[in-house]
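These notes are about the structure you will find just below.
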Amino acid sequence: MELNLNRVDYLQVGVTSQKTMRLLPASGKRATQKVVIADHDGVIFCFGMKRGEAVPVFKTLPGQKVSRLELGGAIGTPQEKIFIATGSEVRGFTKKGKQFLSFETNLTESIRAMHVSGPDLFLCASYIYNHYCDCKDQDYYLSSDKINDITCLPIEKLGRITPILACKDRVLRVLEGSNLLYEFEVSGEPTVLALHNGNGGNSGEEIIYGTSDGKLGLVQITGNSPVHLWEMLNEKKRGGILCIDYFDILGDGVKELLVGRDDGMVEIYAFDANNEPGLRFEHALSESITSIQGGCFGKEGYDEVLLGTYTGWVTGLTTEPIQKEVGPGDEVKMNQEMQNKVLNLRVELEQLQGKLLQEREKYQQSAQSSGAVSAVPVFSVNDKFVLNRDDASYSLILEVQMAIDNVLLQSDIPIDLLDVDKTSAVVSFSGCDIEQNGNFLLATYRCQANTTRLELKIRSIEGQYGILQAYITPRLQPKTCQVHQYQIKPLSLHQRTHSFDQTRPVNTLTLTGQFSFAEVHSWVVFCLPEVPDKVPVGDNATFYFQNTFLDTELECYYKKGEGLFKSDNISTISILKDVLSKEATKRKINLNISYEINEESVGHTLKLIHPKLEFQLLLAKKVQLIDALKELRVHEGNVDFLIPEYRSILEEADTLLEEYKKQPAHLERLYGMITDLFIDKFKFKGTNVKTKVPLLLEILDNYDPNSLLLFFDSA
Amino acid sequence: MGLFDKLAGWLGLKKKEVHVLCLGLDNSGKTTIINRLKPSNAQVQDIVPTIGFSIENFKTSGLSFTVFDMSGQGRYRNLWEHYFKEGQAIIFVIDSSDKLRMVVAKEELDTLLNHPDIKHKRIPILFFANKMDIRDALSSVKVSQLLCLENIKDKAWYICASDAVKGEGLQEGVDWLQDQIKAMKT
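Chains A and B are the protein sequences, given in the same order. The opening position of the first sequence corresponds to residue 512 in the working numbering, with each subsequent residue numbered one higher. The opening position of the second sequence corresponds to residue 238 in the working numbering, with each subsequent residue numbered one higher.
Following this line, the structure appears as structure tokens:
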């Protein structure tokens, strides 16, 4: 059965965080539910719908930003107590809006995630997990990386408390009391956790996770190890997952999985007989979806999926048909509800315009006075700067509550801006003078009307490190601009993993000297992405990384006064050596650097590059021929006279061209990496081979793996 | 209409009688719709397929309707034409979740419209795209496209999505019908 859902926009509140909107359970005879939503101004707003009008139940006064909103209640009763987390405080409200709990947690940081179950309260700040029972401290755990979300297996079903933390380092940590029971890696950074089917599945031990790179997975958390049940990869390159819910929207008796993403996609997955999910419905909104829930809200008898967006829109996807009546005549008549809405908006707009005009005049006048200071309006920007694993590029996503007017990008290192299909903004590159002001990139994105979200793709080069700045100007009076800075790290293409292949030939870099553990940690943070800012617990630390472009690996082990870096890529080691010695010099620390080069590693790296290079060369060669072959086809009428190889090129012409377009400058990038490898290899030997680079490029143009290897060895 | 008649009409003392034909395929919800339009104490609980036809009455604010609730089963459909002469309005009910028989409904509608008793009479036709509560039901716009309602030029028509079990959408449709009949009379 196909699913048709119609979009209805209900109301707009302020900017909302992830998971801050819930539907209260239906009470009494009324079948429609009420919604409660909390925003960054600290206002909690609860309302229901009555004949297309929002009827408020209660609204609280503004306060601190609300980071989470959960429903709870005594076990066995309807879960209709509202709990919110603001700053380091948890507050509880009844469904009528009466505050019955105000609990100051004494956490130094603000709360990032919360889970409520009966009298148990699970809270997470950046790195800290705390469990309270009836507001009394029970358990405490310090995680080694930032916590994104928390959930707890159903206590009433299992009889034990098993909290699960979703951490930034791609790990789910299962706790028991104050201790780590076990941890396991998932394929992306988990951003949201939920109980499977809303109750943990049949066993009560199944949880579902969504990652920041758009993957979904189901895991059974048993007493001593996880069982992975299924995982859904993100083939369509959709955004990260921010919210998950289960609801039977199809009405077939099985709950469906509702997923909201940060690029505005809403997806509904149904489960087949094998409990495998299949996509049944998708809908695109233009802003990120922070909360999702299924229920009956707008009209009795019609289920719907209710969404909360970043800019605070409460939107429904309802099963109720919109257009109900038609008569003769070409124009489709607007129904009464719609006409009322238009009328109301028009009246409101007129009133606001009048008011605005007055205020503007007043402002202009007072702006003349010399003593007055003109205040800048504050707006929030939701940004994300992440490395994509599959194409070794960074995605910069900016989202503002108002429509964006323009975004200026400035970079002091060479980077490439790639095209993103979704982005409708017009880009213009300004010429920049590297000598004079050190700008390598100046680009302006002018956005079309009503764009609140902008996605950019950036390609960096390993070894070139610096800062990328974005100046964001929304359509707001008076026009103001906010600057956001993003670090591009020296080893920017490395992604953190949790395993290291010991069999590879490795080059080692050893650091010794008078430095503290915190200092060496700060250097590693400076060099590599995805390392927590906080100094790890214990007296040493080990991190593993993988190069997303070449699949070479890096192991970092360090403690007070010693650092050990192992990689199968000489370039990585060379970059580390340069950056680390520069950092140490800056802090006037005497470092002893020694390195050990494994001759085999060059061959190994070249072997890793070989398939990519061969693929790109072949692609380039084929693409070159397409035009000529097409012309031949036009002249001769058919292609029977061509050899099969050319015929297959013609058949695949479209896919080849698309592939070629998708990977611009890929070949140049590979050439650059090989050249770097070549120079670095000889640099460690103490020779400068920059003069031989043209010779190398010549060899690469007539690529043959053996002659390349020979050249590397001989030169 | 005289002033006294109008006054009586407003007070609900005297209501004009209208004969309406309720047509549509079997299982489209004709009897359920008529039942829903009756006052709540006169409504029956269970509805069985109509045999032949039945005569029902219901009142709106200004009119008193007498409805010939015809059976929609194939073998009774030729019965319809016997009542065309008396009909002053037609209610045509379509099961909007039954995509397969939409063509049959169109066929029946076309024969109805081309019948000599109907063809030149300017009587209003109200369509109910019924069963709109079902998940994969077609919208009223879609139904009107499939039935080619835009080709009806010489009669007033109106299509209304309805859910006869809950009674949704029925009032809007009957209100329109009443307005049309009143306009015709004057």
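All C-beta atoms in this analysis are idealised placements derived from N, C-alpha and C, irrespective of residue type, glycine included.
{"Item": "Could you give the distance in angstroms between the alpha-carbon of residue 675 of chain A and the alpha-carbon of residue 930 of chain A?", "Value": "39 Å"}
{"Item": "Distance, Cα to Cα, residue 357 of chain B vs residue 780 of chain A?", "Value": "53 Å"}
{"Item": "Between residue 832 of chain A and chain B, is there a C-beta pair that is closer than 7 Å?", "Value": "yes"}
{"Item": "Kindly list the residues whose CB is nearer than 8 Å to the CB of residue 1162 of chain A, restricted to its own chain and excluding five residues on each side of it in sequence; keep chain order.", "Value": "none"}
{"Item": "Using a Cβ cut-off of 7 Å, which residues of the stretch 340–355 of chain B contact any Cβ in chain A, in chain order?", "Value": "none"}
{"Item": "So with CB distances below 8 Å, who are the chain B contacts of residue 762 of chain A?", "Value": "372"}
{"Item": "What residues are listed by DSSP as bridge partners for residue 956 of chain A?", "Value": "A:918, A:938"}
{"Item": "Taking the beta strand (DSSP E) that residue 1015 of chain A belongs to, which residues open and close that run?", "Value": "Element bounds for residue 1015 of chain A: n/a, residue is neither H nor E."}
{"Item": "When you compare the stretch 605–620 of chain A with the stretch 634–648 of chain A, are there three or more beta-carbon pairs, one atom per stretch, that lie closer than 8 Å?", "Value": "yes"}
{"Item": "Throw me the rounded Cβ distance for the residue 410 of chain B and residue 331 of chain B pair, which I believe falls under 8 Å.", "Value": "With a Cβ gap of about 12 Å, residue 410 of chain B and residue 331 of chain B do not count as contacting."}
{"Item": "With a threshold of 7 Å between beta carbons, is residue 620 of chain A in contact with chain B?", "Value": "no"}
{"Item": "Who are the near neighbours of residue 1191 of chain A in its chain, counting only those whose CB is closer than 7 Å to its CB and skipping five residues on each side?", "Value": "1081, 1082, 1085"}
{"Item": "For residue 395 of chain B, would you say it is in contact with chain A, using Cβ-to-Cβ distances shorter than 7 Å as the test?", "Value": "yes"}
{"Item": "In whole angstroms, what separates the C-alpha of residue 179 of chain B from that of residue 836 of chain A?", "Value": "Residue coverage of chain B in this structure runs from 238 to 423, which leaves residue 179 of chain B outside it and unanswerable."}
{"Item": "Would a C-beta distance cut-off of 7 Å place residue 308 of chain B and residue 324 of chain B closer than the cut-off?", "Value": "no"}
{"Item": "Which residues, in order along the stretch 804–831 of chain A, keep a beta-carbon less than 7 Å from a beta-carbon of chain B?", "Value": "812, 830"}
{"Item": "For residue 598 of chain A, I'd like the list of residues in its chain whose CB is within less than 7 Å of its CB, leaving aside the five on either flank, ordered along the chain.", "Value": "575, 621"}
{"Item": "Determine whether the Cβ of residue 563 of chain A lies closer than 7 Å to any Cβ atom of chain B.", "Value": "no"}
{"Item": "Let me confirm a value: residue 589 of chain A is counted as buried when at least 16 other C-beta atoms fall within 10 Å, else exposed. Which label applies?", "Value": "exposed"}
{"Item": "Output yes if chain B places a C-beta closer than 7 Å to the C-beta of residue 839 of chain A; else output no.", "Value": "yes"}
{"Item": "Taking only beta-carbon atoms, is residue 836 of chain A less than 7 Å away from chain B?", "Value": "yes"}
{"Item": "Report the three-state DSSP secondary structure of residue 560 of chain A (helix, strand or coil).", "Value": "strand"}
{"Item": "Does the distance from the CB of residue 354 of chain B to the CB of residue 329 of chain B come in under 7 Å?", "Value": "no"}
{"Item": "Could you check what DSSP says for residue 611 of chain A in three-state terms: helix, strand or coil?", "Value": "strand"}
{"Item": "Taking just the CA atoms, how far does residue 1139 of chain A sit from residue 658 of chain A?", "Value": "56 Å"}
{"Item": "Is any beta-carbon of chain A found at less than 7 Å from that of residue 398 of chain B?", "Value": "yes"}
{"Item": "Under a CB-based cut-off of 7 Å, is residue 378 of chain B close to chain A?", "Value": "yes"}
{"Item": "Do residue 1130 of chain A and residue 1157 of chain A have their beta-carbon atoms positioned less than 7 Å apart in this structure?", "Value": "no"}
{"Item": "Please confirm whether residue 421 of chain B has its beta-carbon closer than 7 Å to some beta-carbon of chain A.", "Value": "no"}
{"Item": "Consider the Cβ of residue 265 of chain B: report whether some Cβ of chain A lies at a distance smaller than 7 Å.", "Value": "no"}
{"Item": "Where does residue 941 of chain A land, buried or exposed, given buried means 16+ other C-beta within 10 angstroms?", "Value": "exposed"}
{"Item": "Which same chain residues end up closer than 7 Å to residue 1177 of chain A when comparing Cβ atoms and leaving out the 5 residues on each side of it in sequence?", "Value": "1127"}
{"Item": "Going by C-alpha distance, which of A:1095, A:1078, A:949 is nearest residue 1113 of chain A?", "Value": "A:1078"}
{"Item": "Assess, as a yes-or-no matter, whether the stretch 740–750 of chain A is touched by the stretch 816–825 of chain A under the definition of 3 or more beta carbon pairs within less than 8 Å.", "Value": "no"}
{"Item": "Taking the beta carbon of residue 722 of chain A as the centre, do at least 16 other beta carbons fall within 10 Å, making it buried, or is it exposed?", "Value": "buried"}
{"Item": "Can you tell me whether residue 972 of chain A is helix, strand or coil according to DSSP?", "Value": "coil"}
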